[in-house]
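Protein chains: 2
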Amino acid sequence: MPELGARAEFLLKALVERYIAEGQPVGSRTLAKEAGLELSPATIRNVLADLEEMGLVRSPHTSAGRVPTERGYRIFVDTLLTVRPLQSAQIRRYEHELSHEDNPKQLLENASHLLSEVTQLAGLITLRRRNQSVALRQLDFVGLSAERVLVILVTQDGEVQNRVIHTERQYSPAELVQAANYFNETFSGLPLADVKRALLTEMQKTSEEMQRMMQLALDMARRVLLDEKQDIDDLMVSGESKLMDFPELGDIQKLRRLFDAFTKKRDLLHLLERSLRAGGVKLFIGSESGYEALEGCSVVTAPYMQDGRVVGTLGVVGPTRMPYEQVIPFVDVTARLLSGALSSLGR
Amino acid sequence: MPELGARAEFLLKALVERYIAEGQPVGSRTLAKEAGLELSPATIRNVLADLEEMGLVRSPHTSAGRVPTERGYRIFVDTLLTVRPLQSAQIRRYEHELSHEDNPKQLLENASHLLSEVTQLAGLITLRRRNQSVALRQLDFVGLSAERVLVILVTQDGEVQNRVIHTERQYSPAELVQAANYFNETFSGLPLADVKRALLTEMQKTSEEMQRMMQLALDMARRVLLDEKQDIDDLMVSGESKLMDFPELGDIQKLRRLFDAFTKKRDLLHLLERSLRAGGVKLFIGSESGYEALEGCSVVTAPYMQDGRVVGTLGVVGPTRMPYEQVIPFVDVTARLLSGALSSLGR
DNA sequence: CTTAGCAATCGCATGTGTAGAGTGCTAATT
DNA sequence: AATTAGCACTCTACACATGCGATTGCTAAG
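This is how it looks when you write it as C-alpha cells:
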C-alpha cells in the first residue's frame, strides 16, 4: 500500500465527509472550495486521479464527481476520522432510558430501540448467551399433566426461563416440590457454570433410596440446563423500516435481501459473534462482512458485558454512507451503559 | 345499489379472477375469449361501461383494460367467490406443524409462520389476552434483592408470566415460600377470573395476625394479576419481507408506511380486535380498514379460541390483489387448528 | 509543481415519433 | 331491442434524437 501524502489524505477526508453529508458525488470544483486549501480544481483533479488509482475513490460515470470506495471508507474510519465524544448531558439522558428497567429481556429491547432512534438506522442486539457466571436462584418443577413437567429456572439477575419436559411417569405435586427443595438447597446461589459441572459429575453416582428425589431433580435439571439448544443466541432488530428512507437502498431487490437477513438472523448472528471477542467498537464496511445481503451497508458493533464478562453484542446497520463520527461513539456508549444496567440487575 | 344482471356478475367475476391471476388490467377482447361467453368484445365493453358506472371497476387510463375497485372486490368476495375447500391431506400436514409444541407462545409463533409461508403474504397473530377461564396453577415469589420480589405466575396451559415488584421491606425466603403456599392452597386450580374476583373482594378484610402471610401473598398477587398493562394485547408479524415482492407495493413510500404499521402495531391491533367478536373469517379490503397505511392492502382475519373461548385473532396482510379463494379457507383452517392445539395444552 | 484552457464524455431532462392496446360511439345487423 | 362491426380517438410505452450542465483528462503555459 503506497503511503498517501498529507494533502491526499486531507482531500480524501474532505471528500468522504462531504459525500456522507450530501450523498452526491463530489467534484474537484466543490472540493477546491470546501477543503479550504488554496488549490485550483485542476490540481485537485490530479490528486483525485491518484486516489482513484489507489482504489479509494471512484467515478460513477465520466462526468460525475467521485465517491468513496469501501477501501476509501476503511482508510477514512481507521486513520482520518475524528470522532466527536458525546456530551455528558446526552449520556445521562440515554442512561436514564436504560436504567428504569427490571426485566433483562426488556432491557435489551430498550437498548436496541435506543440505538435505532438515536442513529435513525436499524438497531441490532444479540440476546445474551446464558451467562455462566450468574448465580442460580432457584429451580421450580410444576406438574402440568401426566408426564409433563414445567421446569422454571430463575437466575440471580431476575431472568426467568422455562421449558416443558416429558417424564416417564407421573409425579405428585409433593414429589416435585420435594425434588425442587433438594435441588435448591444444594445449588442455589452457585454460578450456573458450577451447577452444570456438578450435574455432569453427579451423573454416575449411585442412587440411594434417601436420594431418590434428588435423582429426579438432577435428571430434570440436566434436561434444562444442559440443553444446547437453549444456548443458541437470538437476535433482535429494531427500526428496520428506517432503512427504507435511504435513497441508496431504494432498490427493492436489495431491500428484500436485507430484510430477509433480518428475519433469517443467521448471517447477522455470525457477524455479531465475530465482534464478541475484541472489546470496543468494530466496523464492517460493505462487503467486508462477506454477506451479499449487506452489500452497500455497514455494520457498527460493540460487545456488552454483565458483571465483567462479555455476554452479547449490539450495534447498528445502515447504508455505507452513514455518519460514522456520530454513530461509532454512540454505539460504544450504549454498550457501556447497557453493561452497567445489566450488572446492577442482580443487586 | 342497482342489481346487476347475471351476465354482468359473470363478467365481473371473470375480470377479477383474471386480474388476480395476471396483475394486468383486463380488456374487453381478453374477457371475450376468457369468459367462454359467445359475445363480441363490443358487447362486453357495454357491460364493462355499466360496471364502471356502478363503481365496481375502473380504467387506469383510456387505453388500458379495467381493474376491480375496492367495491368490486367486495362484491366479488361476498357474492361471487367460490372458495376451494382444502384437501384433508393438506390440513393434516398443517395440523402436524402446530401440534408438536408445548409452549403456548411458541405455538402462536408457529401459526404465524405457517400463515405466512403457505400464503406467501405477511402473517399476523395477536398474542392472546390472558384467558380468564384458564385455571391458575401456581404463584411463586422469589426474592431478588432487598425489596425486589420476582413473582412467577403459572397457568394450567403451561404459560409462565413473570414480573418484578418492589416491596416496602425485605422478606426472607421462608416468608416468601410461606406466602406462596398460603396463596396456592387457596387459589390453585381456580380460573383466573375467580382469583381476580377474590383478590378484589378480600381487599377489605381485616388482617389477623395468623393471616399475615396471606395478606402479603394477596398483596403481591394483586399487583401482578390486576395490572392492566399486562392485558394489553401484543401482535406478532411474520414474513413481512414477502410483501416486497409484489409490484403493486413497489412504492417505497407506501412500503415504509406499511412496515411502520407493523412496528407500531397499534392500528393493526385495533383492526384485529374488530374481528374478535364475530366468529369466522373477516375481510378488510383496501381502505375499508380505515388506516392509510393499509392502502392497497387487504387483511383477512379469523378469531381463534382456547377451551371454547375466543382469545385472539390471526390472519394475513397482502396486496388487495391476492388469491382470496385460497387465502380465506386457509386462514379459517389455521384458526381452527390453532384453537385445537391451544385447547389441548392444558391436558 | 501548479494552473488555465479546452475538447471530450456522460447523465439527464426534454421532445418527437411510432406502435399497440383498448375504448366509446355510431350505424348496420340480427 | 340487443348485438355487432367499424372506426376515430386516446393514452402508454418505447425508441431515438437533441441540448444542457457538470466534470473529467490532457496539454501546454506559468
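Protein sequence lines correspond, in order, to chains A and B. Sequential numbering of the first sequence, starting at 580, is according to my numbering. Sequential numbering of the second sequence, starting at 580, is according to my numbering. The C-beta atom is built at its ideal place from N, Cα and C for all residues, glycine as well.
Taking all protein chains shown into account, decide if residue i is buried (16 or more other Cβ within 10 angstroms of its Cβ) or exposed.
i, result
"residue 856 of chain B", "exposed"
"residue 747 of chain B", "exposed"
"residue 894 of chain A", "buried"
"residue 606 of chain A", "buried"
"residue 838 of chain A", "buried"
"residue 600 of chain B", "exposed"
"residue 854 of chain A", "buried"
"residue 647 of chain A", "buried"
"residue 621 of chain A", "exposed"
"residue 850 of chain B", "buried"
"residue 604 of chain B", "buried"
"residue 995 of chain B", "Residue 995 of chain B lies beyond the stretch modelled for chain B, which goes from 580 to 926, so this question has no answer here."
"residue 882 of chain A", "buried"
"residue 619 of chain A", "exposed"
"residue 820 of chain B", "buried"
Do you know offhand how far residue i's Cα is from residue j's?
i, j, result
"residue 731 of chain A", "residue 663 of chain A", "46 Å"
"residue 719 of chain A", "residue 869 of chain B", "48 Å"
"residue 704 of chain A", "residue 843 of chain A", "14 Å"
"residue 702 of chain B", "residue 637 of chain B", "30 Å"
"residue 757 of chain B", "residue 906 of chain A", "51 Å"
"residue 793 of chain A", "residue 774 of chain A", "14 Å"
"residue 825 of chain B", "residue 898 of chain B", "7 Å"
"residue 912 of chain A", "residue 902 of chain A", "16 Å"
"residue 780 of chain B", "residue 742 of chain A", "34 Å"
"residue 696 of chain A", "residue 818 of chain A", "8 Å"
"residue 801 of chain A", "residue 722 of chain A", "17 Å"
"residue 904 of chain A", "residue 661 of chain A", "6 Å"
"residue 914 of chain A", "residue 814 of chain A", "15 Å"
"residue 688 of chain A", "residue 920 of chain A", "13 Å"
"residue 717 of chain A", "residue 734 of chain A", "7 Å"
"residue 617 of chain B", "residue 610 of chain B", "11 Å"
"residue 736 of chain A", "residue 836 of chain A", "37 Å"
"residue 858 of chain A", "residue 917 of chain A", "14 Å"
"residue 642 of chain A", "residue 885 of chain A", "53 Å"
"residue 833 of chain A", "residue 872 of chain A", "7 Å"
"residue 791 of chain A", "residue 725 of chain A", "19 Å"
"residue 670 of chain A", "residue 692 of chain A", "16 Å"
"residue 874 of chain A", "residue 865 of chain A", "5 Å"
"residue 860 of chain A", "residue 712 of chain A", "24 Å"
"residue 751 of chain B", "residue 656 of chain A", "54 Å"
"residue 699 of chain B", "residue 878 of chain B", "13 Å"
"residue 796 of chain A", "residue 715 of chain A", "15 Å"
"residue 927 of chain B", "residue 816 of chain A", "With chain B represented from 580 up to 926, any question about residue 927 of chain B goes unanswered, as that position is not in the structure."
"residue 597 of chain A", "residue 908 of chain A", "20 Å"
"residue 789 of chain B", "residue 759 of chain B", "Only weak support exists for where residue 789 of chain B lies, its pLDDT of 48 falling under 50; the value from the coordinates is given anyway. When rounded, the distance between both Cα atoms is 15 Å."
"residue 798 of chain A", "residue 806 of chain A", "12 Å"
Determine whether the beta carbon atoms of residue i and residue j lie at a separation below 9 Å.
i, j, result
"residue 659 of chain B", "residue 738 of chain B", "no"
"residue 710 of chain B", "residue 595 of chain B", "no"
"residue 645 of chain A", "residue 632 of chain A", "no"
"residue 683 of chain B", "residue 848 of chain B", "no"
"residue 706 of chain B", "residue 846 of chain B", "no"
"residue 585 of chain A", "residue 614 of chain A", "no"
"residue 900 of chain A", "residue 827 of chain A", "yes"
"residue 634 of chain B", "residue 650 of chain B", "yes"
"residue 778 of chain A", "residue 804 of chain A", "yes"
Can you tell me which residues form a DSSP beta bridge with residue i?
i, result
"residue 770 of chain B", "B:714"
"residue 638 of chain B", "Paired residues: none, contrary to the question."
"residue 863 of chain A", "A:878"
"residue 704 of chain A", "A:815 and A:893"
"residue 732 of chain B", "B:718 and B:740"
"residue 745 of chain A", "A:727"
"residue 647 of chain B", "B:636"
"residue 883 of chain B", "B:891"
"residue 898 of chain A", "A:876"
"residue 605 of chain A", "A:645"
Would you call the segment 759-770 of chain B in contact with the segment 764-774 of chain A, where contact means no fewer than 3 C-beta pairs closer than 8 Å? no
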